[in-house]
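Residue numbers (this note's numbering): 222 to 469.
Working notes, beginning with the structure itself.
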């Protein structure tokens, strides 16, 4: 190919060795081994050099053109004229008639869930197939799978509310939590966080009526979301607050 005259001295010597290997006496098997090793070495060593040659060649003779996809994006944003759009698509191998279809294929389009959401507001919200199929060919056997992705589902908070109000029992509550994605090992803890507890003042007053010890009162104050570092101060403030009868 006449490339040696353009190569650095180190690579030129390597090419010379490949052309007339010193280990030719190794035979066909040995020769192939040497050739493969040399080929790998040349590929790694010469890659940056040939990359630079490519940059230089494109600098002298720029031949790259915008792809049809890039052209379609610019045309959709009114950044280029229709003539320029058709010219670039023709360079990409598209006839003007097909260029329009290719442009539409590259144009942004709502996703299947978005189309199903639209269909519920512009047709039968229970049976969306007729409206959806006007806009997108969703496979019949996958339709239920796609539609389920767009349906609203009970949240953890919803399940807690239904359970607290006695609308569902504990068995169904745990089943619903499992559907949402809670692990079996986390169900008991998840059930606990759905309950509200009295505020710190009410807990303290209740403990005072029960003659609870200081440790129990501090523990309940902390359970009511008072920081442990301030639990004792909170208790002191409650104890020093004057009673209504004292004010009278």
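Ideal Cβ placement from N, Cα and C applies to all residues, glycine included.
Keep in mind the model is a prediction, meaning the values are calculated, not measured.
Residue i: which of the options sits nearest, CA to CA?
i, options, result
"residue 317", "328, 303, 447, 329", "303"
"residue 371", "392, 338, 438, 356", "338"
"residue 368", "333, 409, 387, 345", "333"
"residue 457", "426, 431, 446", "426"
"residue 298", "366, 460, 328, 313", "328"
"residue 452", "419, 460, 286, 440", "440"
"residue 420", "392, 403, 447, 436", "447"
"residue 390", "434, 403, 405, 412", "412"
"residue 459", "405, 449, 442", "442"
Taking only three categories from DSSP, how would you classify residue i?
i, result
"residue 449", "helix"
"residue 359", "coil"
"residue 324", "helix"
"residue 291", "helix"
"residue 343", "coil"
"residue 434", "coil"
"residue 461", "helix"
"residue 315", "coil"
"residue 374", "coil"
"residue 421", "helix"
"residue 390", "coil"
"residue 350", "helix"
"residue 298", "coil"
Within a Cβ cutoff of 6 angstroms, which residues of the same chain sit near residue i, ignoring the five residues on either side of it in sequence?
i, result
"residue 384", "394"
"residue 480", "No answer is possible for residue 480: the residues shown for the chain start at 222 and end at 469."
"residue 415", "381"
"residue 422", "none"
"residue 408", "395, 398"
To which residues of the same chain is residue i closer than 7 angstroms at the C-beta, ignoring the five residues directly before and after it?
i, result
"residue 306", "292, 296"
"residue 352", "340, 343, 344"
"residue 336", "353, 356, 357"
"residue 438", "425, 428, 456"
Below 8 angstroms CB to CB, which residues in the same chain sit around residue i once its five sequence neighbours on both sides are set aside?
i, result
"residue 323", "289, 293, 310, 315"
"residue 401", "374, 375, 376, 377, 380"
"residue 405", "399"
"residue 418", "424, 444, 445"
Under 8 angstroms by Cβ, that's how I've got residue i and residue j pegged, so tell me the actual separation to the nearest angstrom.
i, j, result
"residue 350", "residue 330", "Not a contact, Cβ separation roughly 19 angstroms."
"residue 424", "residue 445", "5 angstroms"
"residue 286", "residue 312", "5 angstroms"
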